[in-house]
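So the structure is just underneath, and the comments pick up after that.
Numbering (this note's numbering), first residue to last: 59 to 122.
Below, the structure written as structure tokens:
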């Protein structure tokens, strides 16, 4: 187990032994938790490049 996995227990990392129902339940729980923060982080770039999205400014359309 590497340093980045230290916060996970062996049980957390043992995905192979989960039943299909357990895997789906954990996936749905994670998805529900992730969706709960959408309003809080809607302008945050998820890969860390931007802290907030640049504002859209009105103006003429750009030519291709």
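Backbone N, C-alpha and C fix where the C-beta goes; we use that ideal spot for every residue, glycine too.
Quick caveat, the model's predicted, so the values are computed rather than measured.
| Query | Result |
| --- | --- |
| Taking the CB atoms as reference points, tell me whether residue 73 and residue 81 lie closer together than 8 Å. | yes |
| Are any of the Cβ atoms in chain D nearer than 8 Å to that of residue 115? | Here there is only one protein chain, and chain D is not present. |
| Starting from residue 89, trace the alpha helix (DSSP H) both ways and give me its first and last residue. | 78-94 |
| Measure the alpha-carbon distance for residue 83 versus residue 97 and round it to whole angstroms. | 24 Å |
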